[in-house]
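Asks:
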Amino acid sequence: MNYTENLIAEIKTLNETITRNLSTDGLFPDRSNPIRQLPEEEEFLLKLVYQLRVCFLEELTFIFAHIQSPSAFEKTVLKLEHMGYLKSSVSKEWGKYFCLTSTALYYIVTDHSKPYKANMLTEDKFPGEAKLVFHKCLNGHFADLVFKQINFFLWDRFKKESKEFRVRYCKEQYLTQYGYLASRKKSYSPKGAADYIKKHIDTLDMEAYQRFTKASKECILTDSLLLHSYLKDYAKTFFQKTSPLALVKQLLYLYTNSIYRSHYFTYRSELLSLVDSRVLRYDYNLFLCNEVLKRAMIAKRSLLNIKTEDKSSEELQRISERLNDLDAELSAYQLKKEKLDELLSAPLFDKFTDEGVAQFSEEVVSLDALRNLNVHVLSIRKTENEKPDVTFGIFQQNADEISVSYLFPRLEKIFRFYEKNLCMFNLHIEIIVYGKHQKEAVKEKLKTIKADYKEISRGYMLFVPFFDEIEIRDVEMHFKERYEVFRQLKPMIEKK
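All residue numbers for the sequence shown refer to the numbering used here, where the first residue is 364 and numbers rise by one.
1. Closer than 7 Å by C-beta to Phe849: which residues in its own chain qualify, once you throw out the five before and the five after it? Chain order, please.
2. Under a three-way DSSP split, which group does Ile757 fall into?
3. Looking only at C-alpha atoms, which of Leu617, Phe575, Lys477 sits nearest to Met855?
4. Taking Gln414 as part of the alpha helix (DSSP H), name the residues at either end of that continuous run.
5. May I ask which residues mark the beginning and end of the beta strand (DSSP E) holding Ser587?
6. Assign Gly822 to buried or exposed, taking buried as 16 or more other Cβ atoms, counted over all protein chains shown, within 10 Å of its Cβ.
7. Where Arg529 and Leu538 are concerned, what is the direct C-alpha to C-alpha distance, given to the nearest angstrom?
8. Please determine if the stretch 717-731 and the stretch 681-689 are in contact, where contact requires at least 3 C-beta pairs separated by less than 8 Å.
9. Per DSSP, which residues does Leu711 bridge with? Please list them.
10. Does DSSP classify Ile835 as helix, strand or coil?
11. Please identify the residue among Gln414, Arg416, Glu406, Trp457 whose C-alpha is closest to the C-alpha of Phe436.
12. What does DSSP give as the partner residues of Thr619 in its beta bridges?
13. Taking buried to mean at least 16 other C-beta atoms within 10 Å of its own C-beta, is Ala493 buried or exposed?
14. Considering only the beta carbon of each residue, do Gly447 and Thr473 sit closer than 8 Å?
15. Identify which residue in Ser552, Glu456, Arg416 has its Cα closest to the Cα of Glu486.
16. Please state whether DSSP places Leu736 in a helix, a strand or coil.
17. In terms of DSSP beta bridges, what is Gln400 paired with?
18. If contacts are defined as beta-carbon pairs under 8 Å, then Phe788 and Val728 qualify, I think. What distance do you get, rounded to the angstrom?
19. Output needed for Ile319: all residues of its chain with C-beta closer than 7 Å, excluding positions within five of it in sequence on either side, in chain order.
20. Grouping DSSP H, G and I as helix and E and B as strand, with all else coil, what is Cys786?
21. Taking the C-alpha atoms as reference points, what is the distance between Glu403 and Pro397?
22. Spell out a yes or no on whether the stretch 768-778 and the stretch 725-741 are touching, meaning 3 or more CB-CB pairs, one atom from each, closer than 8 Å.
23. I think Lys499 touches Tyr797, with their Cβ atoms under 8 Å apart; what is that distance to the nearest whole Å?
24. Ignoring anything shorter than 4 residues or poking outside the stretch 485-569, list the alpha helix (DSSP H) runs there in chain order.
25. Can you pull the DSSP bridge partners for Val796?
26. From the DSSP output, read off the bridge partner residues of Phe419.
27. For the beta strand (DSSP E) that Leu706 lies in, which residues bound it at each end?
28. Would you mind giving the Cβ-Cβ distance between Thr754 and Glu705, rounded to the nearest angstrom? I have them listed as a contact below 8 Å.
29. May I ask you to report which of helix, strand or coil DSSP gives Asp474?
30. Consult DSSP for His429 and reduce its assignment to one of helix, strand or coil.
31. Are there 16 or more other CB atoms within 10 angstroms of the CB of Thr671, so buried, or fewer, so exposed?
32. Quick one: what does DSSP say Leu584 is sitting in, helix, strand or coil?
33. Among all the DSSP beta bridges, which residues are the ones paired with His445?
34. For His591, decide whether its Cβ has a neighbour in chain C, counting only Cβ atoms nearer than 8 Å.
35. Can you tell me which of the three DSSP states Lys450 falls into?
36. Within a Cβ cutoff of 8 Å, which residues of the same chain sit near Lys488, ignoring the five residues on either side of it in sequence?
Written out as structure tokens, the structure is:
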């Protein structure tokens, strides 16, 4: 077996090891008491941090909202930091964020056959301040998805309860938030709230109560925090019978994406499993070719760095032969890469001439080219008796206002890749930003780009209808206590 064959085998083995470890329960020992394993929710947190590489306390609070209270979740993070599984930092603008230490990585990326110190693992590194917003948006994408989907799931279950149950529940929420909490002198207690409800439920102010129901109905399905706060007591009862953690896991792993680290080597296979595409196979082969070239260059540098002073002539000869063999294989793979680059190239808009004629230049359009632009596959979904769906996400890269020059090439490469490789899929595009001002800015930029596409013509008119379907998602999220959420509803109630 030659160097490159060994490298491909190593890639496959590493991927299999990681996949096996991530699906293993009881993977991490409790370092405060090594004969025990970490609780399930703590293990899940470490595995999720591995998948996303960098996680933010604020966004993960939403993912864990039905599993642990915000204060309990923060204690969990601190506990895992104290054990040496997590390390954290704080950004003035983006809040606390954390990633895995080499200790945690040992349990995920190795087969545990060698002692921890023998593996020489490199810790995950924090990105620079300028790149934090990209990771913040990645976190926000999953937090928004999980938080909203669980709330809508609970709302659907709640609506199926009897009318008598729903009316009484609504009265209990009104009495708790606008009666008991307003009149209490001591801190909240479930018994105190229950006693207050029992005493006042038959004599409540129906006019004020009806204003509450009208105001809450107007906002409850558009304000995810209000829906969460309203259903909190119902959720507590519901999740006594089923695990909220299991539901969170299901939502996070429902569809394959290109974001999770464990999907890095597999999401192309998922696309290929749904359609027979010659060009998609080219893309997959180019990915493997680039991986081999990257790792082979590392192997070459390692050989070149060997100290030769104490080597015998036979050892030096073997090193020289290995370098020659490796150079030959690198040359072969470089030629293969160049051929695949050519096969995956497409004409991309360059500029207009003085006469107003559109000029184009050839560039490689691949999934890795998109990934390098912070464009990810968000989901790959097979739908019965229909074309499968593929959703691409363009993520905000820095704190500056998103520009036309940022969006144009990313949309262009998505469309070109879709045209060449994925026309047998239904295409969806999401632009994920942080902040309402960014969302409004993107809306205006898309109008400009749509007009540019019409002017370029030459096939670009085919992509114009997609602009009406692009979803812009603002994933800025800030958790509030339940009483704070209901307090924000009070002005609306008073206006009714």
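Glycine included, C-beta positions come from ideal geometry on N, C-alpha and C.
Replies: Short version:
1. Within the same chain, Gln540, Ser592 come within 7 Å of Phe849 by CB-CB distance, once the 5 residues on both sides are set aside.
2. If DSSP states are grouped into helix, strand and coil, Ile757 belongs with the strands.
3. Phe575
4. In this chain, the alpha helix (DSSP H) harbouring Gln414 covers 403-415.
5. Taken as a continuous stretch (DSSP letters only), Ser587 belongs to no beta strand (DSSP E), being part of the alpha helix (DSSP H) at 587-593.
6. exposed
7. So the two alpha carbons sit approximately 14 Å from each other.
8. no
9. Ser724
10. strand
11. Glu406
12. Ile743
13. exposed
14. no
15. Arg416
16. coil
17. Pro392
18. 16 Å between Cβ atoms; not a contact.
19. Not covered by the structure: residue 319. The range shown for the chain is 364 to 859.
20. coil
21. So the alpha carbons of these two residues sit roughly 15 Å apart.
22. Between the stretch 768-778 and the stretch 725-741, the count of Cβ pairs shorter than 8 Å is three or higher; the stretches touch.
23. 6 Å
24. 495-522, 526-538, 553-563
25. Asp837
26. Tyr460
27. Careful: Leu706 lies outside any beta strand (DSSP E), inside the alpha helix (DSSP H) at 676-706.
28. Going by Cβ atoms, the distance from Thr754 to Glu705 rounds to 29 Å, so no, they are not a contact pair.
29. coil
30. coil
31. exposed
32. coil
33. In DSSP, His445 forms no bridge with anything.
34. Considering every chain present, this structure includes no chain C. It has just one protein chain.
35. strand
36. Correct list, in chain order: Cys462.
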